[in-house]
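Have a look at the structure below, then the notes.
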Amino acid sequence: TLFRSRVAVTGGAGQIAYSLLFRIGNGEVFGADQPVILQVLEITPAMQALEGVLMELQDSAQPLVQDIIATDDANVAFKDANWAILVGGKPRGPGMLRKDLIAANGPIFVGQGEAINNNAADDIRIVTVANPCNSNTLVAKSNAPDVPADRWFAMTRLDENRAKAQIANKAGVTSAEVTNVGIWGNHSATQFPWFDAALVGGKPATEVIDDREWFENDFLSTVQQRGKAIIEARGKSSAASAANAALDTIRSIITPTPEGDWFSAAVYSAGNPYGIDENLMYSFPLRSDGNTVSIVEGLELSDYAVSKAKASEAELQEEREAVADLL
Ligand code: NAX
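Numbers 616 to 942, taken from the working numbering, label the letters of the sequence shown in order.
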């Protein structure tokens with residue numbers, strides 16, 4: 616069946632969108648036969664740059680793209696949208712603390728939450744990329760009371776993909792062989808890329824790579840600090856890999872998860888079976904039946920893993936404090 620999706624993307628003139636928009640237009644996410652309408656939001660000063668991106672989108676002549684709407688009005692961007700990919704936000708400036716970034720971005724997500732609430736289609740689902748993505752999503756969600764809690768996702772898939780790549784590299788296999796990696800907590804340096812249940816070619820990763828020291832030190836810090844390493848190498852933050860992870864996230868949400876495996880994204884934590892604070896956007900291992908996404912139950916966490924998961928929870932609680940007046 617044809618399902619014409621209206622896909623709203625914010626931050627359309629930015630570097631992630633420069634990869635994301637074209638790949639959505641290619642049919643990589645919603646299907647090679649599924650038409651899409653792109654609804655792209657920018658701030659007024661970036662509308663000229665966005666115009667250039669639109670010209671390039673037109674010049675790509677992608678058969679699935681039925682229409683492209685460019686706007687600086689969130690009510691227009693989210694009108695009847697089936698998906699909203701929230702990429703736009705204020706970047707972290709020099710000397711800016713995480714707390715300052717949260718405070719600077721909070722108000723943006725109040726307005727976007729309201730605009731989603733008032734305009735989006737009934738089946739709207741939201742994936743937030745813009746940092747701090749967990750707390751931005753919490754703010755937007757709090758300002759969109761009519762949108763069910765299970766529609767909101769904040770992206771930790773790039774972290775998952777980075778973790779898989781590190782394990783694959785160490786084991787000398789391709790990433791496709793690595794499954795059951797889970798990201799717990801915040802998309803930040805406190806995230807916990809959980810490796811205890813990870814499999815390499817179906818065997819425990821911790822047996823294939825018999826080096827706990829590596830997992831707890833090099834692996835953990837490489838994944839946690841990867842964003843920074845890319846900025847140092849490239850002079851700009853990760854963009855193509857971030858767009859790729861956003862597409863992976865959507866694909867995982869709308870596709871039944873392979874038997875026994877899981878994927879990660881931050882979801883609203885109410886009712887989670889792991890004793891995490893119930894009012895956070897917190898990343899857990901998830902499964903989808905192709906429509907509904909749920910937290911994987913019954914995973915056994917070591918004391919070490921619990922302490923890591925709790926540390927990230929504590930950071931998210933602090934972030935929530937910083938935006939308390941917007942919730
Ligand atoms: P850019 O600075 O290149 O683009 C951001 C765009 O957002 C700009 O064009 C800006 O004008 C626009 N914007 C700002 N406020 C807006 C608003 N209120 N409405 C609509 N658009 C608005 O950043 P880019 O490299 O594309 O990164 C975008 C976001 O992704 C950043 O917040 C970044 O921190 C975050 N990331 C998140 C990742 C994740 O794994 N969750 C990884 C990659 C990336 O760092």
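Just so it is clear, CB atoms sit at the ideal spot from N, CA and C, and this is done for glycine as well.
Keep in mind it's a predicted model, so treat the numbers as computed, not measured.
- Are alanine 880 and phenylalanine 768 closer than 8 Å when you measure CB to CB? Yes, the Cβ-Cβ distance between alanine 880 and phenylalanine 768 is below 8 Å.
request  = Give the single residue among Gln806, Gly905, Cys748 and Ala696 whose Cα lies nearest to the Cα of isoleucine 868.
outcome  = The candidate whose alpha carbon is nearest that of isoleucine 868 is Gly905.
(message) Our contact map puts leucine 862 next to valine 644 with C-beta atoms below 8 Å; I'd like the distance itself, whole angstroms only.
(response) The Cβ separation is near 5 Å, so the contact holds.
| Whole runs of the alpha helix (DSSP H) within the stretch 705–753, excluding any shorter than 4 residues | Segments of the alpha helix (DSSP H) lying fully in the stretch 705–753: 713–734.
ask   = Of all the options Pro650, Ser922, Arg935 and Ile865, which has the alpha carbon lying nearest to the alpha carbon of leucine 895?
value = Leucine 895 has its Cα closest to that of Arg935, out of Pro650, Ser922, Arg935 and Ile865.
Does any heavy atom of the ligand NAX sit closer than 7 Å to the C-beta of asparagine 795?
The answer is no for asparagine 795.
Bounding residues of the alpha helix (DSSP H) (the contiguous stretch that carries phenylalanine 637)
630–640 is the span of the alpha helix (DSSP H), which, as asked, contains phenylalanine 637.
Report task. Could you check how far apart the C-beta atoms of alanine 858 and leucine 679 are, in whole angstroms? I think they sit under 8 Å. Result -> The pair is not a contact, with the Cβ atoms about 17 Å apart (cut-off 8 Å).
What first and last residue would you give for the beta strand (DSSP E) that runs through methionine 896?
896–903 is the extent of the beta strand (DSSP E) around methionine 896.
Select from Ala778, Met662, Gln649 and Gln673 the residue whose C-alpha is nearest the C-alpha of arginine 621. The residue with the shortest Cα to Cα distance from arginine 621 is Gln649.
Taking threonine 659 as part of the beta strand (DSSP E), name the residues at either end of that continuous run. Premise fails: threonine 659 is in no beta strand (DSSP E) and is neither H nor E.
key: asparagine 795 beta carbon less than 8 Å from that of leucine 814   = Yes; because the gap between Cβ atoms is below 8 Å, this pair is in contact.
Fill in: Check: methionine 896 C-beta below 7 Å from any heavy atom of the ligand PLP
In the structure on display, the ligand PLP does not appear, and the ligands it does have are the ligand NAX.
So, using beta-carbon positions, are isoleucine 672 and glycine 640 closer together than 8 Å? The identity of residue 672 in the sequence shown is leucine, whereas the question assumes isoleucine. By the CB criterion at 8 Å, leucine 672 and glycine 640 fall inside the cutoff.
- Task: Return the CA-CA distance between leucine 722 and aspartate 761, expressed in angstroms with no decimal places.
- Result: With the sequence shown as reference, residue 722 is identified as proline, and leucine is not the correct amino acid for it. Taking the straight line from one Cα to the other gives about 19 Å.
Query raised in the report: For the putative contact between leucine 653 and isoleucine 684, defined by C-beta atoms under 8 Å, what is the C-beta separation to the nearest angstrom?
Result: For leucine 653 against isoleucine 684, the beta-carbon gap comes to about 7 Å, under 8 Å, which counts as contact.
Next on the checklist: Closest to glycine 642 by C-alpha separation, out of Asp738, Ala676, Asp918 and Val655, would be which residue?
Outcome noted: The shortest C-alpha separation from glycine 642 is found at Ala676.
Sufficient close CB pairs (3 or more, under 8 Å) joining the stretch 820–829 to the stretch 898–917:
Not touching, per the Cβ criterion.
What number of angstroms, rounded off, separates the C-alpha of arginine 766 from the C-alpha of lysine 851? Cα-Cα distance, rounded: 31 Å.
Do you know whose CA, among Gln806, Ala699 and Ala661, lies nearest alanine 745's CA? Alanine 745 has its Cα closest to that of Ala699, out of Gln806, Ala699 and Ala661.
Round the Cβ separation of lysine 923 and phenylalanine 810 to the nearest angstrom and send it over; I've been treating them as touching at under 8 Å. Cβ-Cβ separation between lysine 923 and phenylalanine 810: approximately 11 Å, too far for a contact (criterion under 8 Å).
Best match in Val938, Lys925 and Arg638 for proximity to threonine 805 [C-alpha to C-alpha]: Of the residues Val938, Lys925 and Arg638, the one whose Cα lies closest to the Cα of threonine 805 is Lys925.
Query raised in the report: Mind checking whether the beta-carbon of alanine 812 lies closer than 7 Å to any heavy atom of the ligand NAX?
Result: Checking the Cβ of alanine 812 against the ligand NAX gives no.
Proximity winner among Val921, Pro706 and Gly703, relative to tryptophan 799 (alpha-carbon distances):
Taking tryptophan 799 as reference, the option from Val921, Pro706 and Gly703 with the minimal CA-CA separation is Val921.
Starting from the Cα of proline 888, find the closest Cα among Gly913, Pro873 and Thr872 and give me that residue.
Comparing Cα-Cα distances from proline 888 to each of Gly913, Pro873 and Thr872, the minimum goes to Gly913.
Under DSSP, the alpha helix (DSSP H) around glycine 842 begins and ends at which residues? 841–849 is the span of the alpha helix (DSSP H), which, as asked, contains glycine 842.
Could you tell me whether the Cβ atoms of alanine 696 and alanine 736 are closer together than 8 Å? In this structure, alanine 696 lies near alanine 736, with their beta-carbon atoms less than 8 Å apart.
For asparagine 732, I'd like the list of residues in its chain whose CB is within less than 8 Å of its CB, leaving aside the five on either flank, ordered along the chain. Contacts found: Asn758, Ala759, Pro760, Asp761 and Val762.
**Test item: CB-CB of leucine 753 and leucine 901 under 8 Å** = Judged by beta-carbon spacing, leucine 901 lies beyond the 8 Å limit of leucine 753, meaning their Cβ atoms are not closer than that value.
**Among Thr837, Arg713 and Ala692, the one whose alpha carbon lies nearest that of glutamine 727** = With distances taken between Cα atoms, glutamine 727 lies closest to Ala692.
Report task. Tell me serine 620's beta-bridge partners as DSSP assigns them. Result -> Under DSSP, the beta-bridge partners assigned to serine 620 are Val651.
| request: Could you name the residues that DSSP lists as bridge partners for proline 871? | output: Beta-bridge pairing links proline 871 to Asp904.
Check your understanding: Taking just the CA atoms, how far does methionine 662 sit from isoleucine 631?
Key -> Isoleucine 631 and methionine 662: Cα-Cα distance of roughly 16 Å.
Where are the alpha helix (DSSP H) runs, 4 residues long or more, that stay fully inside the stretch 784–823, in chain order?
-> For the stretch 784–823, whole alpha helix (DSSP H) runs of length 4 or above, ordered along the chain, are 820–823.
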